[in-house]
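Novice: Have a look at the structure that comes next, please.
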Amino acid sequence: MKTLKRGNGTRIPRVAVIGFLSWVSGSVWAETLPPTTAIAAPVPAVAVEAPPSRLPSQELTARWVYQLLLAEIAVQRGHLPLATKTYVDLARTTKDPRVARRATEVALYAHDLPAAQSTLSLWLKEDPQSPSARETLGALIMSQPSMPSALPLLTQLIEADKGGEADDFMGLTVLLDQQPDHAAALELARQLTKSYQDMPEAHYLVGSVAAQAGDDGQALKEVREALALRPDWGTGIVLEGRLLQKKSPDQVLSLYQSFVEKHPENREVRLEYARALVENKQYAEGRTQFQTLLQADPNQPDLLLAVGLLDLQLMDYAPAEEKFQAVLKGNYRDPDRVRFYLGQAEEEQHHPERAIQWYEAVESSEQRPLAQIRAALLLAQQGQVQNALDRLSKLPATTPERLEQRTLAQEQIQRDAGDYNGAFDTLNQALLTVPDAPDLLYERAIVADKLNRLDVLEQDLRRVIALRPDYAHAYNALGYSLAEHNVRLDEASTLIHKALSLSPTDPFIIDSLGWVQYRQGNFGAAVTTLKQAYAADQDPEIASHLGEALWASGNEAEARQIWETNLKAHPDNSALLATVHRFLH
């Protein structure tokens, strides 16, 4: 019996290029582009008091001094309502921004939002440039996005900031994008920008918040109005691209390419273009864009790491290792990540001893478990199976994810060593703790096939499908199993077609379709389908299937040629050897 189709169902992670480069994009952007002046930020900054020229000139009277002392004593003794009332009265009387600030702090501490909003309004009126006042306003809006006073307070602030409205709107974008009540945030953005329709930043604010609210049509309309006012604005182009990404990735690439050709100095869009290329698996083109960014900033570690990762993805190992070493020498903030990638580079070049050395050098709690797993797998490949399993048994499974990673490595080592019962027991034990882990259920189905436990196989794969209806390889594995056992072929065909609809270019799923066509006696269609799969991946099992279909359709010479070619490349493949033995001996 042939091997149950695994495809790319589960495996121990190696290079995660797209995920890392998405993170790189954000970190490089933050380090290389000028920060936007925010109207408010959730992290408190150092307080800046109003300069003396803006402070009221009246002297403190004895009554005011008494009220200040009374309010502070009330704060110390926990009489917060009295302290709040006293400070609010004093702020209104003195109109001193320092008193208004303290009144706001006390009101917030007392959870008296109406009082806090009142004194904050006074504070902003008397000292509209105060960073502390702006940050306090931001904190209030973050906690109460639909508060009635948000609009007048923000309007007051923007109107007082003559010449700074553009920065205010960009700062508000950051603030309102984080609001949980997207509808309230969008309405607030619309109201705030009514009088600023000639300002691209105002349209950007509404567009960005609309995107967060799920109104992509409104978002795209607003960002295009912003770009009509300012066509060379990279930030606007990036937002337009992110909105288009959901509908037309190719259009996004054209948008970015056109922009960087016209504005080659714009790093923001080039960075987004590079990331989009990688997301679309155009690794060579993405590397070219990252290299252009690196030429302008050759010591930027995240860019060095990004290009190195793409070198690794494209199997250019020497330049990849050179860049990783350069990043390490530069005291990178996450050296263990780089050591892990150096281990992968050595592993990909079939240098297991050197790879293990790098994996052993990984020390951080975040990276070390996966590094130890890779090292254990390499030890097992060198015949040190028990050593590898002992190493894995010492890894702490502190989270369900860690448990799954460890279990997948253990059962892979046991399965590769032919210990299917051991692998089955390992998976059973882990599934007692995480009974609905799709990857573990999928792997148990694979092992169950080896043990001829077809009841477990079908039960687990159907559970995986219920948990993850978009898991193409679960449909494929179940359909292939039915076809392999020559039962319920119509159901097998339905399952495989479902898998193909989810992953239409996967050669293993295409192979499964060809195999079920062969089982149904449709040899001509089977040959056509299997040739398509074989053209995409010269896997020995696909070659085995294609040879059988060719033989059945009368093309025995071509079948022999396929088998002989693959036996030279894969002389130890059990499925291929069994097929050749059946037909030629």
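Here the working numbering is used: the first residue of the sequence shown is 3, the next is one more, and so on. C-beta atoms are modelled at their ideal positions from N, C-alpha and C, and glycine is treated no differently. None of these values were measured; they are calculated from a predicted model.
#1: Classify G310 as buried or exposed, calling it buried when 16 or more other Cβ atoms lie within 10 Å of its own Cβ.
#2: Extract the residue ranges of the alpha helix (DSSP H) inside the stretch 119-194, only unbroken runs of 4 or more that lie entirely within it.
#3: Rounded to the nearest angstrom, what separates D338 and E270 at their Cα positions?
#4: I need the boundaries of the alpha helix (DSSP H) containing T400, first residue and last residue.
#5: Take every Cβ of the stretch 340-350, pair it with every Cβ of the stretch 308-327, and state whether three or more of those distances are shorter than 8 angstroms.
#6: The alpha helix (DSSP H) that contains R100, what's its start and end?
#7: Use the C-beta contact count for P37: other C-beta atoms within 10 angstroms, 16 or more gives buried, fewer gives exposed.
#8: Rounded C-beta distance between A109 and T95? I'm assuming under 8 angstroms.
#9: For E365, name the three-state secondary structure that DSSP assigns.
#10: Just the Cα atoms here: how many angstroms apart are Q412 and P116?
#11: What does the alpha-carbon distance come out to for the pair R232 and T195?
#12: Please tell me whether L391 and R408 are closer than 8 angstroms, where the distance is taken between their beta carbons.
#13: What residue range is occupied by the uninterrupted alpha helix (DSSP H) comprising S576?
#14: If distances are taken between C-alpha atoms only, which option among R335, Q351 and D304 comes closest to D318?
#15: Does the stretch 129-141 come close enough to the stretch 95-105 to have 3 or more Cβ pairs within less than 8 angstroms?
#16: Counting Cβ pairs closer than 8 angstroms, one from the stretch 523-530 and one from the stretch 489-501, do we hit at least three?
#17: Just how far apart, CA to CA, sit E264 and S256?
#18: Please confirm whether any heavy atom of the ligand FMN lies closer than 7 angstroms to the CB of P437.
#19: Closest to R589 by C-alpha separation, out of Q214, G243 and G216, would be which residue?
#20: Can you give the Cα-Cα distance for Q180 and V262, rounded to whole angstroms?
#21: Determine, using beta-carbon pairs with one atom in the stretch 355-367 and one in the stretch 317-333, whether at least three such pairs fall under 8 angstroms.
#22: Tell me whether R376 sits in a helix, a strand or coil according to DSSP, three-state version.
#23: How would you label S367, buried or exposed, when you count the other beta carbons within 10 angstroms and need 16 or more for buried?
#24: Please classify E486: does DSSP put it in a helix, a strand, or coil?
#25: Starting from the Cα of K452, find the closest Cα among A476, A432 and G424 and give me that residue.
#26: Could you give the distance in angstroms between the alpha-carbon of W419 and the alpha-carbon of L532?
#27: Express the C-alpha separation of T496 and V458 in angstroms, rounding to a whole number.
#28: Suppose you measure from the CA of G219 to the CA of T121; what does that come to, to the nearest Å?
#29: Is it buried or exposed, R65, if we count other Cβ atoms within 10 angstroms and call 16 or more buried?
#30: Among the candidates G288, F510 and E167, whose CA atom is the shortest distance from the CA of E543?
#31: The alpha helix (DSSP H) spanning A439 covers which residue range?
#32: Return the CA-CA distance between T237 and A185, expressed in angstroms with no decimal places.
#33: Which whole-angstrom value is the C-beta distance of V254 and L246, which I expect to be below 8 angstroms?
#34: If you follow the alpha helix (DSSP H) that W517 is in, where does it begin and where does it stop?
#35: Since L295 contacts A276 with CB under 8 angstroms, what's their CB separation in whole angstroms?
Specialist: With the given structure in hand:
#1: Within the sequence shown, the letter at position 308 stands for residue 310. With 16 or more other Cβ atoms within 10 Å, it is buried.
#2: 133-145, 152-162, 167-179 and 184-194
#3: The sequence position of residue 338 within the sequence shown is 336, counting from 1. The sequence position of residue 270 within the sequence shown is 268, counting from 1. Computed Cα separation, rounded: 28 angstroms.
#4: Position 398 of the sequence shown holds residue 400. No alpha helix (DSSP H) holds T400; DSSP gives it neither H nor E.
#5: yes
#6: What you label residue 100 is simply residue 98 of the sequence shown in a count that begins at 1. P99 to Y111 is the extent of the alpha helix (DSSP H) around R100.
#7: Numbered from 1 along the sequence shown, position 35 holds the residue referred to as residue 37. Residue placement at P37 is flagged as unreliable, the pLDDT there being 32, under the threshold of 50; a coordinate-derived value is accordingly withheld.
#8: Along the sequence shown, one-based indexing puts residue 109 at 107. Along the sequence shown, one-based indexing puts residue 95 at 93. With a Cβ gap of about 16 angstroms, A109 and T95 do not count as contacting.
#9: Residue numbering aside, residue 365 sits at position 363 when the sequence shown is read from its first letter. Residue state, collapsed to three classes: coil.
#10: Residue numbering aside, residue 412 sits at position 410 when the sequence shown is read from its first letter. Residue numbering aside, residue 116 sits at position 114 when the sequence shown is read from its first letter. Approximately 60 angstroms, taken between the alpha carbons.
#11: Taking the first residue of the sequence shown as 1, we reach residue 232 at position 230. Taking the first residue of the sequence shown as 1, we reach residue 195 at position 193. Cα to Cα, R232 sits roughly 17 angstroms from T195.
#12: Taking the sequence shown and counting its residues from 1, the one referred to as residue 391 is at position 389. Taking the sequence shown and counting its residues from 1, the one referred to as residue 408 is at position 406. For L391 and R408, no; Cβs fall outside 8 angstroms.
#13: Taking the sequence shown and counting its residues from 1, one reaches residue 576 at position 574. Its alpha helix (DSSP H) spans residues S576 to L586.
#14: Numbered from its first residue, the sequence shown carries residue 318 at position 316. The shortest C-alpha separation from D318 is found at Q351.
#15: yes
#16: no
#17: Start at 1 with the first residue of the sequence shown, and residue 264 comes out as number 262. Start at 1 with the first residue of the sequence shown, and residue 256 comes out as number 254. Looking at the sequence shown, residue 264 is not Glu but Lys. So the alpha carbons of these two residues sit roughly 12 angstroms apart.
#18: Annotation note on the ligand FMN: not contained in the displayed structure, which lists no ligands.
#19: The displayed coordinates of the chain run from 3 to 587. Any statement about residue 589 would go beyond what the structure contains.
#20: Numbered from its first residue, the sequence shown carries residue 180 at position 178. Numbered from its first residue, the sequence shown carries residue 262 at position 260. Looking at the two C-alpha atoms, the distance is approximately 30 angstroms.
#21: no
#22: For the purposes of this step, residue 376 is identified with residue 374 of the sequence shown, where counting begins at 1. Reduced to three states, the DSSP call for R376 is helix.
#23: Numbered from 1 along the sequence shown, position 365 holds the residue referred to as residue 367. That one is exposed.
#24: Translated into positions along the sequence shown, residue 486 becomes position 484. Correct three-state label for E486: helix.
#25: Residue numbering aside, residue 452 sits at position 450 when the sequence shown is read from its first letter. If we check each option's Cα against that of K452, G424 comes out closest.
#26: Taking the first residue of the sequence shown as position 1, residue 419 is located at position 417. Taking the first residue of the sequence shown as position 1, residue 532 is located at position 530. Per the sequence shown, residue 419 should be read as Ala rather than Trp. So the two alpha carbons sit approximately 30 angstroms from each other.
#27: As a position in the sequence shown, residue 458 is number 456, starting the count at 1. As a position in the sequence shown, residue 496 is number 494, starting the count at 1. Taking the straight line from one Cα to the other gives about 21 angstroms.
#28: The residue labelled residue 219 in the question sits at position 217 within the sequence shown. The residue labelled residue 121 in the question sits at position 119 within the sequence shown. The alpha-carbon atoms of G219 and T121 are separated by roughly 39 angstroms.
#29: Looking up residue 65 in the sequence shown gives position 63. Exposed.
#30: Stepping through the sequence shown from its first residue, residue 543 is reached at position 541. Of G288, F510 and E167, the residue nearest in Cα terms is F510.
#31: Here residue 439 is taken as the residue at index 437 of the sequence shown, counted from 1. It is not in any alpha helix (DSSP H) - A439 carries neither H nor E in the DSSP assignment.
#32: To locate residue 237, count along the sequence shown from 1; it is residue 235. To locate residue 185, count along the sequence shown from 1; it is residue 183. So the alpha carbons of these two residues sit roughly 23 angstroms apart.
#33: Taking the sequence shown and counting its residues from 1, the one referred to as residue 254 is at position 252. Taking the sequence shown and counting its residues from 1, the one referred to as residue 246 is at position 244. At roughly 5 angstroms, the Cβ-Cβ gap stays under 8 angstroms, so V254 and L246 are in contact.
#34: As a first step, residue 517 must be located in the sequence shown, where it is residue number 515. From DSSP, the alpha helix (DSSP H) with W517 extends over P509 to R521.
#35: For the purposes of this step, residue 295 is taken as residue 293 along the sequence shown, with counting starting at 1. For the purposes of this step, residue 276 is taken as residue 274 along the sequence shown, with counting starting at 1. About 7 angstroms separates the two Cβ atoms, so the contact holds.
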